[in-house]
Amino acid sequence: MGHTLSSPVTEKHSIHGKFRDRPFGVSEMQGWRPTMEDAYIAEPEFASNVLPNASLFAVFDGHGGDEVSKFCAKHIPEELPKLQAFKEKNYAQALKQVVLHMDEMLQDPEHEAEIAAYREVMIQKQVEKINNGEENTDPMFKTILELMENQEKEQTEQDDGVETAHTGEGDDDDNESGEDDEHDENDTNEVSGSHEENEEALQDGSTSNFKVVSVQKADKKTLTEDPEMIATEVEMIPVIKLSEDGTREISLEAHMPDNEQEHPEMMFSTSAGATAVISLIVDDEAYIANTGDSRAIIVRKGIAYPLSEDHKPNLERERARIYKAGGFINVQGRICDDLNLSRSIGDLRFKVDDDLSPEEQIVTADPDIKSFTLRSDDQFMVIACDGIWDVMKNQEVADFVLRQIKNGESRVSRIVELMLDKCLSPNLFQTNGLGGDNMTCIIVFLQSVEELKKARMATSLKKTLRRVFR
């Protein structure tokens, strides 16, 4: 189940818009999780300077942090139109390329500051909640913060004792102090400023005000030569520093578990990852790219049809790739005692064998692509993270949406909000953890509300007649 809050965060962030004169809606909710790690794309007029009739919708379900999901939500719309395959209207190939390209960008030093900034915003939000005395905060983070402060206090007391006992010459003291200050200034790689300021900078696409959290790049060969290292989790540990004015600043530093310190070279700019399910619609052609266990469905005449397959380690094709690349799957279905999904963007520690292509790695970002022509009887599309699909089956989601339409709800974002509420667990112990995840969902109507109401009434009438005359 993982660590959770004492009560769920039920505030929702929603948008309602138009897709070719038909409505769509998006809503996201943090739920029981200590942080919100999902992100999404909702661009009904995508690349309008290149294509007159294209739309892009996507959901990214992050794990281990929100930096990869947010990174993808920002950069995929920017990078996709630049690809030659996209310009040549080979949209399926372009989607495959842009998803794989995200892994390349995550390893590019040019983006380290941005990745650090996403992490820092998340940490700063947690610190501010604790400082403001909010009760519903991450208990694990609060404990870590208290331990760090106690350790810092003890270290300060020890340093004060050393300074009191020191009897060296004054000039030497000044010189040594100056050298230490210069060293600290060079070695302090932290992101400063409030999380609001950092978020604004990220939205503007500027990271010039951020300093990079210090992490050492991995020697990729280390993992392939020592298979046990594949399962090692790189931890991003919050570190508190005191500024000259006495205020606290917090940053994240990459650390290996204590028993793995003999491999200090295995460090990455991020240990996080994200699933991705993307829908690109150009004219009447739809292209679905899926990496991981988020999911998309299309509803046609009231019936839900899957547009993606969840990438789980025990699927035959996934299992074969994992073992061929040197990984393993434990009895709980986790790769190398870690991930419970077999494809993702990020999770770079599983993508370290230079002798293998990106598609052949233990965990790959390589998406499945499905393309089809939209039909007149297509009613709506649903794109969501597993926070929805773990609780509701495909057809249950379809029936829920149609039932809300029948009940008179025409605002799609409101329908999504009601769905999130339905999926949210009232008690995680009673539901065995189901309904405790972050939740993000996009619903795109492919028919008008009036058409959907008529179709729902016709379906209800048929069901009634069947019951009467059977």
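This note's numbering applies: residue 29 is where the sequence shown begins, and numbers increase by one. All C-beta atoms, glycine included, are put in the ideal place defined by N, C-alpha and C. In this text, all values refer to a predicted model and were calculated from it rather than measured experimentally.
Quick check: residue i and residue j, are their CB atoms within less than 8 angstroms of each other?
i	j	result
valine 440	isoleucine 416	no
proline 105	glutamate 71	yes
alanine 332	glutamine 423	yes
serine 97	leucine 448	no
glycine 45	glutamate 65	no
glycine 59	aspartate 465	yes
alanine 82	phenylalanine 74	yes
threonine 303	glutamate 95	no
glutamine 377	threonine 392	The sequence given here places arginine at residue 377; glutamine does not occur at that position. It is not a contact, given that the beta carbons lie outside the stated cut-off.
leucine 123	tyrosine 315	yes
threonine 38	methionine 57	yes
lysine 329	glycine 361	no
valine 419	leucine 369	no
tyrosine 119	valine 359	no
phenylalanine 88	alanine 101	yes
lysine 450	phenylalanine 473	no
Cα-Cα, which of the options is closest to residue i?
i	options	result
leucine 402	Leu111, Pro72, Phe85 and Gln475	Gln475
valine 327	Lys421, Ser372 and Ala67	Lys421
valine 410	Lys40, Met150 and Val305	Val305
glutamate 479	Leu384, Thr32, Pro51 and Thr468	Pro51
glutamine 407	Ala483, Arg377, Ala141 and Glu138	Ala483
glycine 53	Ala412, Ala141 and Leu33	Ala412
serine 35	Ala353, Asn460, Tyr315 and Leu452	Leu452
glutamate 19	Asp427, Ala120 and Cys469	The chain is shown from 29 up to 498; residue 19 falls before or after that span and cannot be answered.
phenylalanine 99	Ala144, Gly354, Thr63 and Pro62	Ala144
glycine 92	Gly355, Ile151 and Arg349	Ile151
aspartate 381	Gly355, Ile325 and Lys102	Gly355
lysine 352	His41, Gly436, Leu384 and Asp427	Leu384
alanine 348	Asn118, Glu313, Ile390 and Ile309	Ile390
glutamate 346	Glu313, Gln154 and Glu388	Glu388
leucine 134	Gln112, Leu367 and Lys379	Lys379
glutamate 107	Pro80, Gln125 and Glu116	Gln125
phenylalanine 47	Gly436, Arg323, Met467 and Asp312	Asp312
valine 78	Lys450, Glu116, His41 and Ile69	Glu116
histidine 103	Ser76, Pro80, Pro137 and Glu142	Glu142
leucine 155	Asp414, Glu337 and Pro62	Per the sequence shown, the amino acid found at residue 155 is valine instead of leucine. Valine 155 has its Cα closest to that of Pro62, out of Asp414, Glu337 and Pro62.
glutamate 337	Gly161, Asp414 and Val149	Asp414
histidine 41	Thr184, Arg442, Asn460 and Asp375	Arg442
valine 477	Gln458, Tyr146, Leu430 and Glu182	Leu430
Using 8 angstroms for Cβ pairs, my map puts residue i next to residue j. What's the rounded Cβ distance?
i	j	result
asparagine 318	aspartate 396	5 angstroms
lysine 434	lysine 398	So it is not a contact: roughly 29 angstroms between Cβ atoms.
isoleucine 373	glycine 301	6 angstroms
aspartate 131	proline 386	7 angstroms
leucine 335	isoleucine 325	6 angstroms
leucine 84	leucine 308	6 angstroms
Would you say the beta carbon of residue i comes nearer than 7 angstroms to a heavy atom of the ligand ADP?
i	result
alanine 141	By its list of ligands, the structure shown contains no ligand whatsoever, and the ligand ADP lies outside what it can speak to.
Sort out for me which residues DSSP pairs residue i with in a bridge.
i	result
arginine 371	Thr392
threonine 63	DSSP lists no partner for threonine 63.
cysteine 100	Answer is none; cysteine 100 lacks a bridge partner.
isoleucine 51	The residue you asked about is not isoleucine; residue 51 is proline in the sequence shown. In the DSSP output, where bridge partners are listed per residue, proline 51 has Lys46.
serine 9	Coverage of the chain is limited to positions 29 through 498, which leaves residue 9 absent and any answer about it impossible.
cysteine 451	None, per the DSSP bridge assignment.
isoleucine 470	Val54 and Ile411
glycine 301	His91 and Gly374
valine 127	Partner(s): none; valine 127 has no beta bridge.
valine 37	Gly59
aspartate 465	The partner list for aspartate 465 (beta bridge, DSSP) is empty, contrary to what the question assumes.
aspartate 406	Arg328
Is residue i close to chain C, meaning its C-beta is less than 8 angstroms from at least one C-beta of that chain?
i	result
alanine 412	Of the protein chains in this structure there is only one, and it is not chain C.
Curious, which full-length beta strand (DSSP E) runs of at least 3 residues does the region 306–392 contain?
313–319, 323–328 and 331–334
Whole runs of the alpha helix (DSSP H) within the region 67–117, excluding any shorter than 4 residues:
95–107 and 112–115
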